[in-house]
Ligand code: GAL
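In the working numbering, the protein residues as written are 4 to 386.
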């Protein structure tokens with residue numbers, strides 16, 4: 004009798020140990036399944052409010068979580084890595100039941116996330132993959148390599164080297180282009196640059212595209228913290244060092260609208276533009292990403308050539324769906340379980356589609372879908 008009891012107790016404690024090890028996935032021992040949403044809090048950590056896209060992301064995630072009945076703790080980290088670490092520590096100390104994190108530096112959160120794992124708090128990596136830790140449960144983002152391909156293709160199309168389907172037109176240039184990449188501590192930067200170079204490199208190799216500065220590596224092209232000012236300064240330096248012989252820049256690969264605006268300012272200060280039709284130095288073909296409202300106006304005004312639209316409403320929806328699944332004791336649905344290796348494991352992901360937006364697409368893609376109103380586009384700012 005005693006022996007039997009002992010065995011049962013052993014079995015029970017073994018089962019407990021096993022589930023505490025995360026055998027059933029994060030959140031399973033945090034007994035959130037039986038709680039009402041209003042008794043659960045989700046911590047949302049966003050990188051910066053200097054970029055309009057992250058403000059929209061934070062607001063969308065917050066609205067949708069609150070719509071589902073949850074409490075939300077939303078904090079912005081001012082693009083400062085120690086601030087983000089400390090905010091996440093604080094949310095864990097406050098007892099959040101799940102975390103949604105868009106990291107500033109994808110490798111800087113290991114200690115915080117170990118802490119989260121120890122308390123069975125599921126962690127969802129939002130748009131930027133959190134690296135070098137096993138304690139990230141799920142990743143929601145877009146197809147980031149395809150974003151780069153779209154940017155490279157838009158540059159070729161804008162220069163008239165290919166048509167919109169990517170078919171060569173026979174134009175051989177040569178066209179002078181310069182290349183910008185994002186922040187190297189953001190896992191996405193490599194995907195964007197590699198995707199773009201996968202379509203640009205053949206045209207660099209055959210001399211159709213000329214990078215006069217010679218700066219073709221991602222390290223040379225990188226922009227710390229995706230900073231508009233840093234990009235402006237680098238463009239100014241490139242103009243001074245490589246274009247003071249009367250030659251002009253015909254195109255610039257830019258991975259993000261904020262960087263594009265820095266590039267545009269540098270070019271305008273050097274006598275380019277103001278538009279792509281202006282003479283004697285037309286604004287070069289400049290790409291972008293995020294369809295930020297200020298840049299959509301620049302596209303409408305024929306200053307910037309294109310952007311890549313990523314619908315942050317849908318991204319928020321996926322983040323909320325993933326958090327809800329964990330809190331209900333289930334696994335979220337992934338549509339990619341191969342691409343996003345964070346250095347420790349492949350993180351199951353849900354990747355959303357992207358869309359290139361040229362001037363002609365603003366109405367159908369951004370206004371008809373309700374992302375912006377025509378008035379907001381005309382004003383270059385949201386209400
Ligand atoms: C990346 C993101 C881009 C852009 C950039 C700068 O992580 O994928 O869409 O927003 O950050 O904020």
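We put the beta carbon where it would ideally sit given N, CA and C, even for glycine. This structure is a prediction, so every number in the text was calculated from the model and none was measured.
ask   = What is the DSSP secondary structure of residue 253, reduced to helix, strand or coil?
value = coil
task = Within the same chain, show all residues whose beta-carbon is closer than 7 Å to that of residue 368, passing over the 5 residues directly before and after it, in chain order.
result = Taken in chain order, the residues that qualify are 312, 358 and 360.
ask   = Quick one: what does DSSP say residue 49 is sitting in, helix, strand or coil?
value = strand
request  = Name the one or two DSSP bridge partners that residue 414 has.
outcome  = Nothing about residue 414 can be read from this structure; the chain reaches only from 4 to 386.
task = Name, in chain order, the residues that DSSP records as bridge partners for residue 145.
result = Note: residue 145 sits in a beta bridge opposite 355.
key: Option nearest residue 309 by Cα separation, candidates 71, 213, 155 and 315   = 155
ask   = Do you know how far the Cα of residue 300 is from the Cα of residue 381?
value = Answer to the nearest angstrom: the Cα atoms are 6 Å apart.
inquiry  = On a Cα-Cα basis, can you pick out the residue from 116, 124 and 110 that is closest to residue 190?
reply    = 110
key: From 194, 177, 112 and 181, residue whose alpha carbon lies closest to that of residue 150   = 194
query = Should the segment 172-180 be called in touch with the segment 200-212, which here means at least 3 C-beta pairs below 8 Å?
reply = yes
request  = Using DSSP bridges, identify the partner residues of residue 178.
outcome  = 212
message = Taking the straight line between their C-alpha atoms, what separation do you get for residue 18 and residue 127?
response = Because residue 18 sits at a pLDDT of 39, beneath the cut-off of 50, its placement in the model cannot be relied upon, and the point is left open.
request  = Rounded to whole angstroms, what's the CA-CA distance from residue 163 to residue 132? Just pull it up for me.
outcome  = Roughly 35 Å separates the two Cα atoms.
query = Which class does residue 329 belong to by DSSP, given the choice of helix, strand or coil?
reply = Helix at residue 329.
request  = Answer with buried or exposed for residue 373, where buried requires no fewer than 16 other C-beta atoms within 10 angstroms of its C-beta.
outcome  = exposed
query = Are there 16 or more other CB atoms within 10 angstroms of the CB of residue 366, so buried, or fewer, so exposed?
reply = exposed
inquiry  = So within the segment 355-383, which uninterrupted beta strand (DSSP E) runs reach at least 3 residues, ignoring any that extend past its ends?
reply    = 358-361
task = Reducing DSSP to helix, strand and coil, say where residue 162 ends up.
result = helix
query = Mind checking whether residue 276 and residue 267 have CB atoms under 9 Å apart?
reply = yes
key: Cα-Cα separation between residue 245 and residue 281, rounded to whole angstroms   = 22 Å
query = Anyone know if the C-beta pair for residue 203 and residue 242 falls short of 9 Å?
reply = no
query = Alpha carbon to alpha carbon, what distance is there between residue 51 and residue 174?
reply = 41 Å
inquiry  = Using 8 Å for Cβ pairs, my map puts residue 254 next to residue 158. What's the rounded Cβ distance?
reply    = 5 Å
ask   = So, using beta-carbon positions, are residue 61 and residue 73 closer together than 9 Å?
value = no
inquiry  = Closer than 8 Å is the cut-off here; do at least three beta carbon pairs connect the segment 87-95 with the segment 114-124?
reply    = yes
query = From this set, 56, 55, 69 and 49, which residue's C-alpha is nearest residue 40's C-alpha?
reply = Looking at the Cα atoms, 69 is the closest of the given residues.
task = Kindly identify the DSSP beta-bridge partner or partners of residue 102.
result = 46 and 126
query = Can you check whether the CB of residue 119 is closer than 9 Å to the CB of residue 138?
reply = yes
query = How big is the Cα-Cα spacing for residue 105 and residue 340?
reply = 20 Å
Residue 311, enclosing alpha helix (DSSP H) - first and last residue = No alpha helix (DSSP H) holds residue 311; the beta strand (DSSP E) holding it covers 309-312.
query = Do you know how far the Cα of residue 247 is from the Cα of residue 334?
reply = Near 58 Å, if we compare the C-alpha coordinates of residue 247 and residue 334.
query = What's the gap between the Cα of residue 343 and the Cα of residue 320?
reply = 20 Å
ask   = Helix or strand or just coil, what does DSSP make of residue 344?
value = strand
ask   = Heavy atom of the ligand GDP less than 8 Å from the Cβ of residue 163, yes or no?
value = You won't find the ligand GDP in this model; what it holds is the ligand GAL.
key: Opening and closing residue of the alpha helix (DSSP H) in which residue 134 lies   = Looking at the DSSP string, residue 134 is not in any alpha helix (DSSP H), and its letter there is neither H nor E.
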